[in-house]
Amino acid sequence: MCLSIPMQLVALEDESGDFAIVERRQGDTLRRERINMMLIGPQPVGTWILGSLGLAQEVIDDHERNLIEDALTALAASLAGDYDPALHFTDLRTRTEIRSNEQQ
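As structure tokens, then:
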């Protein structure tokens, strides 16, 4: 199973847009890497994408990026034995509360 990570396009490698340089969060640091853009096509600098194994897979917006980064933070906390359901995945808790209110 592959896990796609939010990455932000910071530079195009050439005019074709087939390859780009992206930044991604790894813990508390940002890493830059080269990524193949051929699946999603050329994108403007600043675009957020999901990428895995050197391949850009999907363009995402800020809302999606935040949800994914929150999920990755919760996963890291869980692996470290520090998972708090009240703190992590607040979007899921909110959805559950909304559904409960709708059913009443």
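Going by the working numbering, the sequence shown opens with residue 11, and the numbers climb by one from there.
Virtual Cβ for every residue (Gly too), placed ideally from N, Cα, C.
Note that the structure is predicted; figures quoted are calculated from it, not measured.
In the three-state scheme derived from DSSP, where H, G and I count as helix and E and B as strand, glutamate 74 is classed as helix.
Taken through DSSP and simplified to helix, strand or coil, serine 62 comes out as strand. In the three-state DSSP reduction, leucine 49 falls in the coil class, being neither helix nor strand.
Sorting Glu25, Ser26, Cys12, Glu43 by C-alpha distance to the C-alpha of leucine 19 places Glu43 at the top. When the five nearest sequence neighbours on each side are left out, the beta carbons in the same chain lying within less than 6 Å of the beta carbon of leucine 65 are those of Asn46, in order along the chain.
Here glutamine 36 is not near isoleucine 50, since their CB atoms are 9 Å or more apart. Shown here for cysteine 12: same chain residues with a beta carbon closer than 6 Å to its own, the five before and five after excluded, namely Ser62 in chain order. Close CB contacts of isoleucine 70 within its chain, under the 6 Å cut and outside five residues either way in sequence, are with Trp58, Leu60 (chain order).
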